[in-house]
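Heads up: the structure comes next, in structure tokens.
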Amino acid sequence: MQRRLSSVQSLAVLAETRLDVLGVQYRWHRSRRGQVAHLRQREGRRSGVARRGVVARVSLLGPWGLSTTTTYGNLGRVASRANTGGTVGYSYGTDDQISQVTFNGKPIATPSYDGLTRITGVSYPSGTANAGNGTSGSFTYDTRGLPASVTWRNASNAVMTSDAVTSRDQVDRIVNQSTDGFDPNGATANYTYDPAGRLTGAVTFAAAPAAGAATRTAVYGFAPAGGCGPAPTAGANSNRTARTINGSSVGYCFDHADRLVGTDDPAAGGVNEGDGTLTYDSHGNTQILGAQTHGYDVADRHLSTGPAVYNNAASGVQLRTQNNLCLDVEGPSSADGAILQQWNCDTPAAVQQTWSLVAADGVWFNVVSHLSGKCMAPVGGATADGTKFAQQPCDQTVAGQQFRLQSSGSSWRLISRPSGKCVDVPSNGNGWGTDLQLLGCSSGVAASKLFDVRTPANTAVTPGTVRAVPQSSLWAAGRNNVQLRARGNWRCADVQGPSAADGTIIQQWSCVTPAVAQQSVDLVPDGAPNVVKVRFRNANKCLQVQTDHSVVQSTCVANATNQRFTFSEQPGGWRLTVASTGRCLASTPAGGNGVALTATVCQTTPVAAELWALTDPANGAVVDVDANLPALPTVTYVRDATDRIVARTATGEGTVRYG
Numbered sequence: 001m002q003r004r005l006s007s008v009q010s011l012a013v014l015a016e017t018r019l020d021v022l023g024v025q026y027r028w029h030r031s032r033r034g035q036v037a038h039l040r041q042r043e044g045r046r047s048g049v050a051r052r053g054v055v056a057r058v059s060l061l062g063p064w065g066l067s068t069t070t071t072y073g074n075l076g077r078v079a080s081r082a083n084t085g086g087t088v089g090y091s092y093g094t095d096d097q098i099s100q101v102t103f104n105g106k107p108i109a110t111p112s113y114d115g116l117t118r119i120t121g122v123s124y125p126s127g128t129a130n131a132g133n134g135t136s137g138s139f140t141y142d143t144r145g146l147p148a149s150v151t152w153r154n155a156s157n158a159v160m161t162s163d164a165v166t167s168r169d170q171v172d173r174i175v176n177q178s179t180d181g182f183d184p185n186g187a188t189a190n191y192t193y194d195p196a197g198r199l200t201g202a203v204t205f206a207a208a209p210a211a212g213a214a215t216r217t218a219v220y221g222f223a224p225a226g227g228c229g230p231a232p233t234a235g236a237n238s239n240r241t242a243r244t245i246n247g248s249s250v251g252y253c254f255d256h257a258d259r260l261v262g263t264d265d266p267a268a269g270g271v272n273e274g275d276g277t278l279t280y281d282s283h284g285n286t287q288i289l290g291a292q293t294h295g296y297d298v299a300d301r302h303l304s305t306g307p308a309v310y311n312n313a314a315s316g317v318q319l320r321t322q323n324n325l326c327l328d329v330e331g332p333s334s335a336d337g338a339i340l341q342q343w344n345c346d347t348p349a350a351v352q353q354t355w356s357l358v359a360a361d362g363v364w365f366n367v368v369s370h371l372s373g374k375c376m377a378p379v380g381g382a383t384a385d386g387t388k389f390a391q392q393p394c395d396q397t398v399a400g401q402q403f404r405l406q407s408s409g410s411s412w413r414l415i416s417r418p419s420g421k422c423v424d425v426p427s428n429g430n431g432w433g434t435d436l437q438l439l440g441c442s443s444g445v446a447a448s449k450l451f452d453v454r455t456p457a458n459t460a461v462t463p464g465t466v467r468a469v470p471q472s473s474l475w476a477a478g479r480n481n482v483q484l485r486a487r488g489n490w491r492c493a494d495v496q497g498p499s500a501a502d503g504t505i506i507q508q509w510s511c512v513t514p515a516v517a518q519q520s521v522d523l524v525p526d527g528a529p530n531v532v533k534v535r536f537r538n539a540n541k542c543l544q545v546q547t548d549h550s551v552v553q554s555t556c557v558a559n560a561t562n563q564r565f566t567f568s569e570q571p572g573g574w575r576l577t578v579a580s581t582g583r584c585l586a587s588t589p590a591g592g593n594g595v596a597l598t599a600t601v602c603q604t605t606p607v608a609a610e611l612w613a614l615t616d617p618a619n620g621a622v623v624d625v626d627a628n629l630p631a632l633p634t635v636t637y638v639r640d641a642t643d644r645i646v647a648r649t650a651t652g653e654g655t656v657r658y659g
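Position 133 of the sequence shown, counting from 1, maps to 133 under the numbering used here, and the rest follow consecutively.
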């Protein structure tokens, strides 16, 4: 429905302006005889109509400044369409069907028809006088007039592929189909449907059609209840809630407007891939997609792309139960095996109630205590319901220490990786000192598995993706007094001895907390925000890569490329690349204390040996290098009256103007 704003009558034209339901303004210009002369949208699109008794030509100026002109014949049929790419022309038969298509005057397609005007073939003539490629297609129909087969041939008239419908059900849905003469499911139905007419199963070839060739079996679900998104009954609205391909399933999560908000994929650890990273605005436009946020104008045209606003590492937070009690270390104790409980929340948070969610492997992260620097894990690595949780020395290679967040309304479930079960408050009890347990996510009281992520001052945090965008070079310089820990075995870079001498080997060694000087480093700026020298505090000497790719400490030298390291964030940790050779600083994950560090060829996909963490020397908690970074750039566009982009502005880069 549109709302009229104004109407002006002149000797020549009637101009009328209206707003549509989204507030977009349109203006019609009509001749005195009432014919539309042209239409302009306030945001820039314009179409013009030239008339000579009937419509002859319509020109449309699109949003990118491209003009398309459509010409009509005397019977109102499209005769041609032209733009900067060329002109496509159309000829017609006596029954209005297209008899030939040309490109820049040369035939490109010639259809053929039967006596019922159904298309039975099409050829694409080749040669210097034509614009086609020599291929052709033929089409047949069954006794009820439904498509029966399609065959495509190459320029030599050899069959490239053919498909034939071999059976249909009583309402004409395809049940069996062959490709190149072979049926992927034999006499059994290739396609199945539910009583509502929705496709529920399909068997197709997964390889070149042949007898016994591999097949692909797809099963589609429309569950009326139990969905994974805000609208658990979305399947009742005919939204597809599940897809299983050869036994591997993915669930689809929807909101109450039937919009996809996430997927639940066991292959990715059951992660709801949309948790906090797929949202829409009030017009239904995608607003947040992964690490991006998108902006639109009043006509719903994309205007800007910028970084999504996340708490990149959820560093230093409280995890509050629905009874407003906090995840807490009993005692409080920093000992291995200390049990985790719920306790009255302190504001500001006590250290035994302060945690960091630290990326471990993709969407999986460690829950690290700021009291001890140790990680949350099921006792004994057990997966049974009722297993309690305790803290233990962090080892990011251990799946039992890894969790993920799954959204549920405004709260979150905390899911353990080995079992896929939830962290639970038994019976949703509100007693101080109640030990947390492992429980199936669909068992017991739903609220007992929900946590709110809060800052120590008790303001809400939306974790989104608990890390920043992977593989982006980030600002590491200026971090002082931190430990450099190997992600592969959670051991520290350590000065052998410890010695103050140049040439002393840098080795991996069990991290000591509070840290000793030979394991404490400063990241000294060395020419760029993410380029540093790694300086050990025991003798203020720098990490250096030798010509044989061994790693030692040596007196810091300005502009020495073998002492210059670039920090770049990767899935699961940081990679340190030395400027002299481009090699990566590497640990030996399977090795013990005293194994020397080396510089190895960086792998295309980072491996555990190449990945490092920066930790607090006081307690071993991971330091959030991202926290002090400037925001990623936001890009905005300016358009002129014809809807063309005339300027682009990016924060930190200034404005670029076009034309």
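Glycine included, C-beta positions come from ideal geometry on N, C-alpha and C.
How close, in whole Å, do the beta carbons of I495 and N562 come, if the pair is a contact with beta carbons under 8 Å? According to the sequence provided, residue 495 is Val. The question's Ile does not apply to it. About 17 Å; that fails the 8 Å criterion.
By how many angstroms is the C-alpha of R77 removed from the C-alpha of V92? Note that residue 92 is Tyr in the sequence shown here, rather than Val. Cα to Cα, the separation comes out at about 9 Å.
To the nearest angstrom, report how far apart T513 and S333 are at their CA atoms. Distance between the alpha carbons of T513 and S333: 14 Å.
DSSP beta-bridge partners for K106? Residue pairing for K106: DSSP places it in a beta bridge opposite F103.
For G592, report the span of its beta strand (DSSP E) as first-last. Taken as a continuous stretch (DSSP letters only), G592 belongs to no beta strand (DSSP E), as it is neither H nor E.
Rounded to whole angstroms, what's the CA-CA distance from G527 to T588? Just pull it up for me. About 30 Å.
Per DSSP, what kind of secondary structure is T561 in: helix, strand or coil? Helix.
Contact check, H549 vs T598, beta carbons under 8 Å: Their beta carbons are under 8 Å apart, which means H549 touches T598 by this criterion.
What does DSSP give as the partner residue(s) for T504 in the beta ladder? The partner list for T504 (beta bridge, DSSP) is empty, contrary to what the question assumes.
Does the stretch 393 to 411 come within contact of the stretch 426 to 440, defined as at least 3 CB pairs closer than 8 Å? No, the stretch 393 to 411 is not in contact with the stretch 426 to 440.
Per DSSP, S334 is paired with what? DSSP lists no partner for S334.
If you draw a straight line from the C-alpha of S369 to the C-alpha of Q341, how long is it? Each residue's CA atom was taken as its position, placing S369 and Q341 some 13 Å apart.
Classification of N489 by the beta-carbon crowding that lies within 10 angstroms, buried from 16 upward: By the 16-neighbour rule on beta-carbons within 10 angstroms, N489 is buried.
Just checking my contact of C511 with R491 at CB under 8 Å: how many whole Å lie between their CB atoms? Contact between C511 and R491 holds: CB atoms are separated by about 6 Å, below the 8 Å threshold.
Just to confirm before moving on: does the CB-CB distance between F182 and R198 stay below 8 Å? No, the pair does not count as a contact, with Cβ atoms beyond the cut-off.
Would you call the CB atoms of L450 and R413 closer than 8 Å? Yes, the Cβ-Cβ distance between L450 and R413 is below 8 Å.
Any idea if M160 is buried or exposed, counting beta-carbon neighbours within 10 angstroms, 16 or more meaning buried? Exposed, because fewer than 16 other Cβ atoms sit within 10 Å of the Cβ of M160.
Which class does L629 belong to by DSSP, given the choice of helix, strand or coil? Low confidence applies to L629: its pLDDT is 36, below 50, so where it sits in the model is not reliable, and the reading given next is rough at best. Collapsing the DSSP output to three states places L629 in coil.
Just the C-alpha distance for W612 and L585, rounded to the nearest angstrom, thanks. The C-alpha of L585 is placed about 9 Å away from the C-alpha of W612.
Name the residue from Q97, I98, T68 and S99 whose alpha carbon lies nearest to the alpha carbon of D87. Strictly speaking, residue 87 in this sequence is Thr, with Asp absent from that position. For the residues Q97, I98, T68 and S99, the minimum Cα distance to T87 belongs to T68.
Could you tell me if A288 is buried or exposed, where buried requires 16 or more neighbouring beta carbons within 10 angstroms of its beta carbon? Note that residue 288 is Ile in the sequence shown, not Ala. In this structure I288 is buried. Its beta-carbon is surrounded by 16 or more other beta-carbon atoms within 10 angstroms.
Could you tell me the distance, in whole angstroms, from the CA atom of A609 to the CA atom of N190? Whole-angstrom Cα-Cα distance: 48 Å.
For G591 and Q519, which I take to be in contact (beta-carbon distance under 8 Å), what is that distance rounded to the nearest angstrom? Here G591 is actually not in contact with Q519; their C-beta atoms are around 17 Å apart, not less than 8 Å.
Name the residue from L116, T151 and T217 whose alpha carbon lies nearest to the alpha carbon of G145. G145 has its Cα closest to that of L116, out of L116, T151 and T217.
Please list the terminal residues of the continuous beta strand (DSSP E) segment that includes P378. Its beta strand (DSSP E) spans residues C375 to P378.
Across which residues does DSSP place N74 in a beta bridge pair? N74 is not bridged to any residue.
Would G295 pass as a contact of S304 if the rule is Cβ separation under 8 Å? Against a cut-off of 8 Å, the Cβ pair of S304 and G295 comes out as a contact.
Pull up the DSSP beta-bridge partners for L303, would you. DSSP lists no partner for L303.
Tell me which same chain residues have a C-beta within less than 8 Å of the C-beta of K421, skipping the five on either side of it? For K421, the CB contacts under 8 Å within the same chain, skipping 5 residues up- and downstream, are T383, D385, I415, L438, L439, G440 and C441 in chain order.
Determine which residues share a DSSP beta bridge with T204 and list them. Paired residues: R216.
By DSSP, does A599 sit in helix, in strand, or in coil? Under the three-state reduction of DSSP output, A599 falls in the strand class.
Cβ-based neighbour list, C345, same chain, cut-off 7 Å, excluding 5 preceding and 5 following: Correct list, in chain order: Q318, R320, N324, L325, C326 and Q353.
Taking the C-alpha atoms as reference points, what is the distance between V358 and G337? One alpha carbon belongs to V358, the other to G337, and they sit about 20 Å apart.
Quick check: what's the CA-CA separation for I505 versus W574? A straight line joining the alpha-carbon of I505 with that of W574 spans about 22 Å.
Measure the alpha-carbon distance for R240 versus I98 and round it to whole angstroms. R240 and I98: Cα-Cα distance of roughly 38 Å.
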